[in-house]
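Written below as structure tokens is the structure these notes are about.
There are 4 protein chains.
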Amino acid sequence: MSIRVAIVGPTSYTSLYLMQILLRHPQAKLTYLASQRAELPDVEKEFPQLLGRLPADIVVGPIDTRAMADVSDVVFLCVPHVAAMQYAPDLLSAGLRVIDLSADYRLADATLYQKVYEHVHTDPRNLAQAVYGLPEFFAEQVKTARLVANPGCYPTAAALAIAPLLQRSLVKPTGILINAASGITGAGRQAKPHLHFPEMNESFLAYAAGTHRHQPEIAQTLTTLKGQRVSLLFVPHLLPLDRGILETIYLDPNDEDVTQEELFEAFEDAYEGQPFVRVRQDFPNVKYVRDTNFCDISVRLCPPAPGNGATEAVAGSDVGGAKIVVFSAIDNMIKGASGQAVQNMNLMFGLDQTTGLF
Amino acid sequence: MSIRVAIVGPTSYTSLYLMQILLRHPQAKLTYLASQRAELPDVEKEFPQLLGRLPADIVVGPIDTRAMADVSDVVFLCVPHVAAMQYAPDLLSAGLRVIDLSADYRLADATLYQKVYEHVHTDPRNLAQAVYGLPEFFAEQVKTARLVANPGCYPTAAALAIAPLLQRSLVKPTGILINAASGITGAGRQAKPHLHFPEMNESFLAYAAGTHRHQPEIAQTLTTLKGQRVSLLFVPHLLPLDRGILETIYLDPNDEDVTQEELFEAFEDAYEGQPFVRVRQDFPNVKYVRDTNFCDISVRLCPPAPGNGATEAVAGSDVGGAKIVVFSAIDNMIKGASGQAVQNMNLMFGLDQTTGLF
Amino acid sequence: MSIRVAIVGPTSYTSLYLMQILLRHPQAKLTYLASQRAELPDVEKEFPQLLGRLPADIVVGPIDTRAMADVSDVVFLCVPHVAAMQYAPDLLSAGLRVIDLSADYRLADATLYQKVYEHVHTDPRNLAQAVYGLPEFFAEQVKTARLVANPGCYPTAAALAIAPLLQRSLVKPTGILINAASGITGAGRQAKPHLHFPEMNESFLAYAAGTHRHQPEIAQTLTTLKGQRVSLLFVPHLLPLDRGILETIYLDPNDEDVTQEELFEAFEDAYEGQPFVRVRQDFPNVKYVRDTNFCDISVRLCPPAPGNGATEAVAGSDVGGAKIVVFSAIDNMIKGASGQAVQNMNLMFGLDQTTGLF
Amino acid sequence: MSIRVAIVGPTSYTSLYLMQILLRHPQAKLTYLASQRAELPDVEKEFPQLLGRLPADIVVGPIDTRAMADVSDVVFLCVPHVAAMQYAPDLLSAGLRVIDLSADYRLADATLYQKVYEHVHTDPRNLAQAVYGLPEFFAEQVKTARLVANPGCYPTAAALAIAPLLQRSLVKPTGILINAASGITGAGRQAKPHLHFPEMNESFLAYAAGTHRHQPEIAQTLTTLKGQRVSLLFVPHLLPLDRGILETIYLDPNDEDVTQEELFEAFEDAYEGQPFVRVRQDFPNVKYVRDTNFCDISVRLCPPAPGNGATEAVAGSDVGGAKIVVFSAIDNMIKGASGQAVQNMNLMFGLDQTTGLF
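Protein chains in written order, with the working numbering: chain A, 470 to 827; chain B, 470 to 827; chain C, 470 to 827; chain D, 470 to 827.
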């Protein structure tokens with residue numbers, strides 16, 4: 470079997486990484502690259518790394534539902550939000566499966582979508598049926614989905630790091646602090662003054678503290694998985710590197726007597742059999758998940774134990790009560806976008822979810 | 470007047486930046502570089518940027534108290550901890566002023582020092598008289614000090630960011646979370662496997678979460694300034710860049726009704742007349758304090774205000790209670806080390822503290 | 470069929486990239502990692518990116534020929550020069566194929582080897598039979614080789630860029646200038662002071678101008694392919710990035726009337742049907758061959774043509790006679806080492822040479 | 470004395486570094502920042518590093534000659550070419566000294582200017598009197614100049630590296646090859662797709678080979694200094710770092726018997742007493758001239774000497790005839806632009822040329 474794949478928006482970074490993964494996927498074939506540009510893009514010029522790599526018979530054409538339906542089984546939407554919900558209804562009506570890498574179908578509540586993205590949701594009917602494509606928690610729904618909302622990059626790293634502790638009631642569902650940092654591909658491919666090389670190189674700063682659009686997405690996922698309202702604060706930063714997200718997450722234990730071992734085992738237990746989550750003893754590093762679909766997670770109880778001199782001596786026997794710190798690293802372009810999208814495709818088409826992803 | 474300056478440990482990074490600052494300081498003159506190496510270092514080979522820059526009559530010699538005392542008024546110790554307290558007593562006895570860039574005289578309590586640095590403090594007599602050289606808070610004591618303990622890099626950024634809020638009782642003194650990130654010069658000049666270029670480049674990871682030696686130093690300073698025990702958790706990360714520290718600090722307000730304006734004004738008020746602290750409206754960036762003695766600080770109340778859709782819609786009217794987030798950026802080698810050391814020297818010798826530092 | 474693979478020296482960078490390629494090679498299986506360390510390495514700790522990736526039944530053991538022969542068909546030597554020729558004879562005697570990533574079997578003349586590497590060649594017998602594994606020129610010999618000398622990184626990029634012009638007599642075989650730059654993985658995995666992150670970051674400098682050991686290797690290959698002594702000067706530089714080599718090569722045309730088109734076509738012709746050489750119109754960039762086995766090449770005739778105002782007006786109608794400039798980019802770890810090694814393995818075992826390499 | 474300084478074009482990178490240098494220049498005072506923007510820029514927002522640094526009484530105003538003349542002695546033009554020659558005539562007529570950092574007055578021949586910059590030169594009268602501000606060779610003319618054309622970045626590094634060898638007739642004046650690499654600030658402050666951080670990071674490539682506008686400027690300077698037409702080929706590259714140029718220059722000796730010592734001494738002799746050129750034994754590194762006005766130069770004779778095994782054994786006793794390789798490193802923003810501009814200002818106003826530049 471070969472899954473025939475179309476991509477809408479072939480000149481985005483998510484499309485680049487999607488094409489690279491699909492080009493070595495043993496059971497997928499790129500058939501159609503659909504662009505809204507009046508002058509269709511020369512994809513091998515847009516992305517010099519692809520020179521000579523695309524199939525000879527690939528079509529680069531307009532966003533024409535019928536043309537795509539003729540040659541494809543699934544369409545990946547690599548376009549900005551608002552644009553995605555303009556194309557999805559027709560593609561779904563034509564019988565195509567759709568995996569949307571934009572934010573348009575991530576927030577289940579159209580009213581919330583409107584508040585967060587400052588645009589009316591124009592496709593509430595499909596929104597109601599969209600499946601949030603985080604396979605570690607929603608694989609069964611993904612398998613039968615016609616429309617998958619591929620999660621945001623930050624929300625992927627956050628949900629995987631927090632959900633096991635919430636579900637096992639090891640931490641309080643309130644006051645969660647997510648300190649996040651992302652490489653610059655996460656900001657997209659458009660050249661902007663603050664992303665000009667000499668501004669971003671040797672640079673590190675926060676942005677959108679408490680106001681980033683991924684904050685409600687994270688809260689929604691955790692609230693769903695916990696079955697109870699979860700509150701959190703999300704503070705992202707920009708890292709001077711290409712790819713990678715590291716989130717350092719601070720949580721309050723439900724029980725001050727929890728041990729490091731219990732915490733570690735909670736993650737081991739949660740992700741047993743999950744091929745793409747690695748529970749580590751050492752500190753996750755964005756470098757070591759680069760170009761992979763892994764999410765690397767480790768957990769630390771702080772203070773580690775009575776007897777830690779540094780902490781104990783000055784601050785008494787605690788650091789203002791024990792804190793649990795979880796570290797979560799992904800490649801924002803792979804597990805945070807295109808890799809996870811292919812993981813979802815694999816599930817939708819009955820393949821092993823790892824196909825083409827190692 | 471010209472202050473005659475000796476440096477012990479001339480091949481460290483702190484010494485490099487100290488020499489660079491002093492070479493354009495209008496009232497200082499480098500006279501003696503003292504090394505413990507059997508074969509004295511060729512400093513212009515150690516640091517190729519210094520070729521042709523050192524005074525013709527500078528002495529590179531052994532760590533000989535008398536020789537240094539003959540030609541110097543002040544000695545900077547750019548050596549590791551434990552080494553510093555071996556040299557300081559003699560230098561002080563010889564009448565020299567001493568500015569120690571190591572950790573040996575930072576922790577006032579010798580018992581705590583022993584726990585944290587795993588070495589008996591061998592100079593408790595001078596420890597009792599050492600002044601913690603954070604001029605924004607202890608300038609008067611620095612002016613008359615004979616021995617200044619130059620603060621650690623992380624503690625400098627932390628204390629300047631937190632103290633004003635504690636002193637004005639705007640935040641709770643417990644449960645403070647300091648998420649910090651530093652460029653690699655902070656790890657010193659010795660080549661180590663994890664600091665090898667291909668390991669650290671395009672990399673980002675945490676280390677020493679809750680166990681870093683700077684944690685008790687921060688707690689000590691804040692406890693002193695608050696007059697009450699302060700508890701905190703400190704989690705550092707390594708950034709793939711040369712120089713710069715950014716700390717993102719999470720605090721609980723004492724009063725949920727505090728406003729963004731009150732917080733901003735607290736900092737403006739605290740640092741009025743302080744030449745090296747800049748209170749910003751935008752997010753501090755390590756890039757924009759590089760090569761300066763500035764500490765750039767900004768503060769955010771999260772959620773910012775009722776009506777912020779993203780936060781409000783999902784998580785109700787709060788994010789688990791309001792949080793105050795403070796951002797603090799320094800150059801770890803300047804305000805975090807050598808620049809602050811010169812700022813202290815200026816105060817000790819009756820100069821304007823900015824001399825040679827703009 | 471599955472080729473069973475052993476690696477000697479599993480903690481080097483070339484081994485890391487070799488393992489990563491082989492882990493997704495459809496017809497290869499890693500069976501044995503052989504280390505000379507008294508305490509055998511924990512490869513998943515050495516390379517955190519490999520956590521959970523190695524086959525469950527892989528053996529990490531000593532460098533024991535019999536043990537390797539029991540479970541392997543081919544052995545890759547990822548050890549330094551001199552070490553490789555200590556292991557190769559026994560491995561070959563045991564019937565194993567050997568692909569040596571060190572320099573030990575690259576220079577055909579043992580006397581030259583001794584001069585260049587300052588060590589007697591201790592295995593002249595196998596040296597006489599070793600095949601230089603540059604498949605674009607020596608594929609037939611590689612197919613039947615028992616011992617392949619995998620080319621150096623710089624020599625790979627140089628030979629592919631220069632040989633077509635020499636073979637077609639478009640350029641003079643003397644006075645070739647190779648200005649090269651490499652990412653830091655090329656310097657190996659050992660931490661050294663000049664490769665410490667804060668020294669190499671934001672840095673660019675030359676080294677070993679005219680004295681690098683790859684210079685005679687390049688000259689040997691070109692002399693062989695041209696059938697006439699070729700003289701050249703090789704000047705390498707270090708680039709502040711992980712992976713990639715760009716060579717900018719200056720040659721004198723045999724005929725001043727040669728055209729840009731003739732030059733381009735010479736390369737197109739030379740590499741027709743070669744899957745891993747891409748002849749480009751734009752300038753090759755190390756970024757766009759990263760993580761690939763491609764060598765990207767482009768050629769420029771300078772001055773481009775009569776009428777180029779800038780050049781013509783000042784310098785007359787030439788720039789001191791026409792020059793041909795060739796640009797050649799590879800990933801030093803892939804086409805420059807481990808990828809090319811797998812390309813050679815594929816040929817030796819009758820596979821399509823691209824297997825596992827796209 | 471205090472020189473009153475105006476800058477036209479305050480939002481460019483050259484202006485940023487100029488302001489930073491002037492802010493610590495003991496005898497200069499920034500008085501007027503002149504912008505063509507309808508809405509005048511907030512310079513402290515454009516350049517966050519300048520927050521609180523500008524003089525309280527500085528004027529940010531339109532490009533108004535009279536207003537500038539009222540408060541200034543000298544004007545620096547930090548605008549693109551073509552724009553500069555629109556402003557210069559009036560400013561000169563108003564009695565102001567002008568230092569132009571654009572290319573408008575660098576090429577002495579208006580016809581050549583038109584060919585290279587594809588625009589008619591509209592101010593030939595002042596062009597005839599402009600002095601090329603390379604103080605190491607033209608200091609006397611600079612001292613009395615009213616209009617200084619500040620040299621290009623690449624031409625500065627090239628001229629300083631080549632002129633001494635030409636003037637002493639140690640090398641041939643033809644066939645000079647300049648392989649250059651520059652940090653990204655050299656491309657200006659405007660965000661462009663190919664300079665977007667994720668494109669340029671971990672990247673290295675050539676551009677404008679043989680067609681860069683600095684090629685005729687270099688040829689002009691060398692032709693002037695040699696008194697004879699000099700021909701050369703200039704091939705620039707982009708480096709993934711902020712600041713710095715390294716040029717690796719290949720020349721043919723006039724006499725094959727020249728020695729390494731003679732070459733080194735030629736440079737030592739040429740730059741005796743010049744404060745900003747450092748002749749080195751080791752390889753210049755862009756990192757070690759960063760933030761300085763130095764040009765670091767070293768020279769290598771290749772092959773170094775009979776007896777160098779690597780070179781000799783393969784290629785005979787030469788590498789196709791001896792080559793001289795010169796390495797030249799500057800900070801493109803300092804010695805390559807704003808630092809050299811201040812060096813020129815110092816000369817024009819009778820100061821020591823190093824004032825404010827160490």
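Even glycine gets a Cβ: it sits at the ideal position worked out from N, Cα and C.
Run through DSSP, which three-state label would residue i get?
i: CYS547 of chain A; result: coil
i: HIS590 of chain B; result: coil
i: GLY785 of chain B; result: Note that GLY785 of chain B scores 35 on pLDDT, short of 50, meaning its location in the model is unreliable and no value can be drawn from it.
i: ARG506 of chain C; result: coil
i: LYS661 of chain B; result: coil
i: PRO624 of chain D; result: helix
i: SER700 of chain C; result: coil
i: LEU560 of chain D; result: helix
If you draw a straight line from the C-alpha of residue i to the C-alpha of residue j, how long is it?
i: GLN729 of chain D; j: ASP511 of chain D; result: 53 Å
i: PRO433 of chain D; j: ASP765 of chain A; result: Outside the shown range of chain D, which is 470 to 827, sits residue 433 of chain D, and nothing can be said about it.
i: VAL755 of chain D; j: PHE752 of chain C; result: 23 Å
i: ALA599 of chain D; j: ARG575 of chain D; result: 8 Å
i: ASP726 of chain B; j: GLN636 of chain B; result: 18 Å
i: GLY713 of chain A; j: LEU487 of chain A; result: 16 Å
i: ARG506 of chain D; j: ASN619 of chain A; result: 43 Å
i: SER481 of chain D; j: ALA597 of chain D; result: 27 Å
i: GLN489 of chain A; j: MET470 of chain A; result: 20 Å
i: ALA806 of chain D; j: THR643 of chain D; result: 28 Å
i: TYR556 of chain C; j: PRO593 of chain C; result: 14 Å
i: LEU694 of chain B; j: ALA688 of chain B; result: 10 Å
i: PRO772 of chain C; j: LEU701 of chain D; result: 10 Å
Which chain D residues sit within Cβ distance under 7 Å of residue i?
i: PRO517 of chain B; result: ASP751, ASN754 and TYR757
i: PRO662 of chain A; result: ALA660
Determine the chain A residues that contact residue i at a beta-carbon separation under 9 Å, and present them in chain order.
i: LEU710 of chain B; result: ASN670, GLU671, SER672, PHE673 and PRO709
Residues of chain A with a CB under 7 Å from the CB of residue i: which are they?
i: ASP760 of chain C; result: ASP760
Name the chain D residues that come within less than 8 Å of residue i, Cβ to Cβ?
i: LYS804 of chain A; result: Correct list: empty, because the minimum Cβ distance to chain D is about 18 Å.
For residue i, go through chain B and note every residue whose CB falls closer than 8 Å to its CB, in chain order.
i: GLY808 of chain A; result: Those within 8 Å of GLY808 of chain A in chain B number zero; the least Cβ separation is about 18 Å.
Check the Cβ of residue i against every Cβ in chain C and list those closer than 8 Å, keeping chain order.
i: ARG769 of chain D; result: ALA678 and GLY679
What residue from the options has the CA that sits closest to residue i's CA?
i: ALA735 of chain A; options: A:VAL474, A:HIS663, A:LEU674 and A:VAL640; result: A:VAL640
i: ASP539 of chain A; options: A:HIS663, A:ASP724, A:ILE472 and A:ASN815; result: A:ILE472
Just the chain B side, please: which residues come within less than 9 Å of residue i by C-beta, in chain order?
i: LEU639 of chain D; result: Per Cβ cutoff of 9 Å: no residues; LEU639 of chain D is ~24 Å from chain B at best.
i: TYR719 of chain A; result: LEU646, ASN648, LEU702, VAL704 and TYR719
I want to verify the contact list: residues of chain C whose CB lies under 9 Å from the CB of residue i, in sequence order.
i: ILE653 of chain B; result: HIS665, PHE666, PRO667 and ASN670
| Quick one: any contact between the segment 607 to 624 of chain B and the segment 554 to 566 of chain B, if contact means 3 or more CB pairs under 8 Å? | yes
| Three or more beta-carbon pairs under 8 Å between the segment 571 to 578 of chain B and the segment 546 to 562 of chain B, yes or no? | Remark: three or more beta-carbon pairs, one from each stretch, lie closer than 8 Å, so the segment 571 to 578 of chain B and the segment 546 to 562 of chain B are flagged as touching.
| task | Could you tell me whether the segment 588 to 596 of chain A touches the segment 641 to 655 of chain A, using the rule of 3 or more Cβ pairs below 8 Å? | result | no
| message | Any contact between the segment 602 to 611 of chain A and the segment 735 to 752 of chain A? By contact I mean 3 or more CB pairs, one from each, below 8 Å. | response | Proximity of the segment 602 to 611 of chain A to the segment 735 to 752 of chain A meets the contact definition, three or more beta-carbon pairs being nearer than 8 Å.
| field | Cβ contact check for the segment 675 to 684 of chain D and the segment 673 to 682 of chain C: 3 or more pairs under 8 Å | value | no
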